[in-house]
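Chemist: Numbering follows this note's numbering, in which position 150 of the sequence shown is assigned residue number 152; successive positions increment by one, without gaps. Positions of the beta carbon are idealized from the N, C-alpha and C atoms, including for glycine. The structure is given below, and queries will be raised subsequently.
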Amino acid sequence: MKLTIFQKILLVVSLIICVYMFFHIKMMRDRYHSLYVKVQEGFATTTNIINVKATTPPTNFDKYSIKASANSCYDATGFVEIGSEENPKGLYNVIKSGCRFLDFEIYNVDGETMVGYSGSSSFSSLETNTVKTVDVLNKIIDCAFTIPAPNPMDPLFLQFRMKTNKGSLYGNLAKEIDSVLTGKLLDLGAGASFDSKSLTDLLGKVVVIIYAMPPGENAKSELDVDMQKVFDEEMGGRSFLFVKGINSSFNEPYNISPNIKVQMPLINDLINEHGNRPKLAVNSDAIEKSFDVLKSSVNIIPYKFYVKDEHLISYEQFYKNFAFIVK
Numbered sequence: 003m004k005l006t007i008f009q010k011i012l013l014v015v016s017l018i019i020c021v022y023m024f025f026h027i028k029m030m031r032d033r034y035h036s037l038y039v040k041v042q043e044g045f046a047t048t049t050n051i052i053n054v055k056a057t058t059p060p061t062n063f064d065k066y067s068i069k070a071s072a073n074s075c076y077d078a079t080g081f082v083e084i085g086s087e088e089n090p091k092g093l094y095n096v097i098k099s100g101c102r103f104l105d106f107e108i109y110n111v112d113g114e115t116m117v118g119y120s121g122s123s124s125f126s127s128l129e130t131n132t133v134k135t136v137d138v139l140n141k142i143i144d145c146a147f148t149i150p151a152p153n154p155m156d157p158l159f160l161q162f163r164m165k166t167n168k169g170s171l172y173g174n175l176a177k178e179i180d181s182v183l184t185g186k187l188l189d190l191g192a193g194a195s196f197d198s199k200s201l202t203d204l205l206g207k208v209v210v211i212i213y214a215m216p217p218g219e220n221a222k223s224e225l226d227v228d229m230q231k232v233f234d235e236e237m238g239g240r241s242f243l244f245v246k247g248i249n250s251s252f253n254e255p256y257n258i259s260p261n262i263k264v265q266m267p268l269i270n271d272l273i274n275e276h277g278n279r280p281k282l283a284v285n286s287d288a289i290e291k292s293f294d295v296l297k298s299s300v301n302i303i304p305y306k307f308y309v310k311d312e313h314l315i316s317y318e319q320f321y322k323n324f325a326f327i328v329k
């Protein structure tokens with residue numbers, strides 16, 4: 003059957019559309035693959051991060067922006083994982099990526115300090131398995147100051163968000179930190195100010211932050227507990243930085259010292275978490291400010307390394323050479 007001119011044109015147009023759709027789908031598939039593919043359940047992204055040089059000009063620490071991770075043991079698989087070279091997940095992958103601010107939620111599980119995860123601000127809400135805090139600390143000492151960390155001499159910040167008001171757990175955590183991190187802990191000395199320290203003063207050292215989550219309606223029998231008093235009694239005499247939290251949702255940044263600010267990801271008490279902060283403010287939620295907007299005024303903006311979206315890739319690109327960048 004001989005085709006008419008119209009039919010020939012229609013056939014050519016149809017072929018062009020089919021070819022276009024094929025290459026468009028292929029391009030979208032390749033882009034999706036590059037964003038979300040995991041290597042052995044770890045990160046597809048490699049890092050070129052290196053140590054801060056000991057010859058770096060002495061600049062006060064509050065002038066830096068720091069590569070940071072939120073819920074550093076939580077893995078994309080939905081479990082709290084310490085990980086290893088053979089099983090690269092959770093904490094192992096975060097350390098391997100060059101993050102030098104690590105964040106952990108601490109729960110009271112049968113009187114023991116345990117690291118867990120919840121997308122809720124409630125003390126009683128625990129959505130995952132837990133691992134012993136001492137095991138997390140041992141993994142940090144094994145990995146953060148040698149291979150696989152690409153920057154083992156950089157300062158390391160450990161933030162423990164206490165989802166408990168039980169004083170004895172503060173004391174237990176302090177003893178575990180002392181026993182595992184001895185020799186690495188920053189010693190501020192009598193009357194010394196953390197804000198006066200330069201980056202080179204902190205090379206190879208660990209800075210511990212104890213964040214007392216506000217109880218709200220979480221622990222009715224303990225609403226009147228003076229958390230500053232608990233900290234002083236159970237952890238006093240140590241150079242830990244203490245934050246008495248007043249906002250359980252992290253709508254606003256908080257200070258770990260007079261001049262150093264942290265902006266955690268929002269906790270909006272939803273089971274399904276949102277992605278990371280957008281690169282461009284125009285794409286951001288009305289509540290959540292973008293990384294570009296915050297980085298000039300906030301030193302530490304932890305990202306969810308278990309949410310492998312394009313915003314995390316942009317964040318990794320910003321810190322592609324160093325974990326500490328002058329703002």
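1) Less than 9 angstroms between the beta carbons of Phe147 and Gly206, yes or no?
2) Helix, strand or coil for Ala214 per DSSP?
3) For Thr115, which beta-bridge partners are listed by DSSP?
4) With a 10 Å radius around its C-beta and 16 neighbouring C-beta atoms as the bar for buried, classify Ser123 as buried or exposed.
5) Provide the residue(s) that pair with Ile68 in DSSP beta bridges, ordered along the chain.
6) Just reading off the beta strand (DSSP E) that Met164 is part of, what are its end residues?
7) Return the residue from the list Lys310, Gly80, Leu171 and Ile143 that minimises the CA-CA distance to Thr184.
8) Here's the rule: buried if 16 or more other CB atoms are within 10 angstroms of the residue's CB, otherwise exposed. What is Tyr94?
9) Tell me the DSSP bridge mates of Asn257?
10) Looking at Val309: is its Cβ nearer than 9 angstroms to the Cβ of Asn278?
11) Around the C-beta of Gln265, are 16 or more other C-beta atoms found within 10 angstroms, so that it is buried, or is it exposed?
12) If you run the structure through DSSP and keep just helix, strand and coil, what is Ser316?
13) Contact check, Asp64 vs Asn261 under 8 angstroms by CB: the rounded distance?
14) Could you check the C-alpha separation between Lys231 and Ser241 for me, to the nearest Å?
15) Out of Ile11, Ser71, Lys10 and Ile18, state which residue places its alpha-carbon closest to the alpha-carbon of Lys306.
16) Below 8 angstroms CB to CB, which residues in the same chain sit around Ser223 once its five sequence neighbours on both sides are set aside?
17) Do you know offhand how far Met155's Cα is from Asn50's?
18) Based on Cα-Cα distance, which residue from Leu171, Ser127 and Thr130 lies nearest to Glu114?
19) Let me know if Lys199 comes out buried or exposed under the rule of 16 or more other beta-carbons within 10 Å of its beta-carbon.
20) Would Pro216 and Asn249 be called neighbours here (beta carbons separated by less than 9 angstroms)?
21) In whole angstroms, what is the alpha-carbon distance linking Ser292 and Asp77?
22) Which value, in whole angstroms, describes the spacing of the CA atoms of Val54 and Glu318?
23) In terms of residues, what are the limits of the beta strand (DSSP E) holding Lys246?
24) Report the start-end ranges of each beta strand (DSSP E) in the region 76–109 that is 3 residues or longer and not cut off at the edges.
Modeler: Taking the geometry as given:
1) Reading the sequence shown from its first residue, position 145 is the one you call residue 147. Reading the sequence shown from its first residue, position 204 is the one you call residue 206. In this structure, Gly206 lies closer than 9 angstroms to Phe147 by Cβ.
2) Translated into the one-based positions of the sequence shown, residue 214 becomes position 212. Ala214: strand per DSSP, three-state reduction.
3) For the purposes of this step, residue 115 is identified with residue 113 of the sequence shown, where counting begins at 1. Per DSSP, Asn110.
4) On the sequence shown, position 121 is the one that residue 123 refers to. Buried, by the Cβ-count rule.
5) As a first step, residue 68 is located in the sequence shown; it is residue number 66 there, counting from the start. Ile302 and Phe326, per the DSSP bridge assignment.
6) By 1-based counting over the sequence shown, the position of residue 164 is 162. Boundaries of the beta strand (DSSP E) around Met164: Leu158 to Met164.
7) Within the sequence shown, residue 184 is the residue found at index 182, counting from 1. Ile143 is the residue among Lys310, Gly80, Leu171 and Ile143 whose C-alpha sits nearest the C-alpha of Thr184.
8) As a position in the sequence shown, residue 94 is number 92, starting the count at 1. With 16 or more other Cβ atoms within 10 Å, it is buried.
9) The sequence position of residue 257 within the sequence shown is 255, counting from 1. Residue pairing of Asn257 in beta bridges, as defined by DSSP: Lys263.
10) For the purposes of this step, residue 309 is taken as residue 307 along the sequence shown, with counting starting at 1. For the purposes of this step, residue 278 is taken as residue 276 along the sequence shown, with counting starting at 1. Yes, Cβ-Cβ distance for Val309 and Asn278 is below 9 angstroms.
11) Indexing the sequence shown from 1 puts residue 265 at position 263. Under a 10 Å Cβ-count criterion, Gln265 is classified as buried, with 16 or more other Cβ atoms of the shown protein chains found around its own Cβ.
12) One-based indexing of the sequence shown puts residue 316 at position 314. If DSSP states are grouped into helix, strand and coil, Ser316 belongs with the helices.
13) One-based indexing of the sequence shown puts residue 64 at position 62. One-based indexing of the sequence shown puts residue 261 at position 259. Between Asp64 and Asn261 the beta-carbon gap is near 4 angstroms, inside 8 angstroms, which marks them as a contact.
14) Within the sequence shown, numbered from 1, the residue matching residue 231 stands at position 229. Within the sequence shown, numbered from 1, the residue matching residue 241 stands at position 239. Rounded to the nearest angstrom, the gap between the Cα atoms of Lys231 and Ser241 is 16 angstroms.
15) Sequence index remark: in the sequence shown, residue 306 carries index 304 (1-based). Nearest C-alpha to Lys306: Ser71.
16) Locating residue 223 in the sequence shown gives position 221, counting from the first residue. Note that Ser223 scores 49 on pLDDT, short of 50, meaning its location in the model is unreliable and no value can be drawn from it.
17) Translated into positions along the sequence shown, residue 155 becomes position 153. Translated into positions along the sequence shown, residue 50 becomes position 48. Separation of Met155 and Asn50 (C-alpha to C-alpha, rounded to the nearest whole angstrom) is 15 angstroms.
18) One-based indexing of the sequence shown puts residue 114 at position 112. Of the candidates Leu171, Ser127 and Thr130, Leu171 places its Cα closest to the Cα of Glu114.
19) Residue numbering aside, residue 199 sits at position 197 when the sequence shown is read from its first letter. In the assembly as shown, Lys199 is a buried residue. Its beta-carbon has 16 or more other beta-carbons within 10 Å.
20) Position 214 of the sequence shown, counted from the first residue, corresponds to residue 216. Position 247 of the sequence shown, counted from the first residue, corresponds to residue 249. It is a contact, given that the beta carbons lie within the stated cut-off.
21) Position 290 of the sequence shown, counted from the start, is the residue given in the question as residue 292. Position 75 of the sequence shown, counted from the start, is the residue given in the question as residue 77. Per the coordinates, the alpha-carbon of Ser292 lies some 23 angstroms from the alpha-carbon of Asp77.
22) Locating residue 54 in the sequence shown gives position 52, counting from the first residue. Locating residue 318 in the sequence shown gives position 316, counting from the first residue. In this structure, the straight-line span from the alpha carbon of Val54 to that of Glu318 is close to 17 angstroms.
23) Start at 1 with the first residue of the sequence shown, and residue 246 comes out as number 244. Where Lys246 is concerned, the enclosing beta strand (DSSP E) starts and stops at Leu243 to Lys246.
24) The region 76–109 contains no whole beta strand (DSSP E) run of 3 or more residues.
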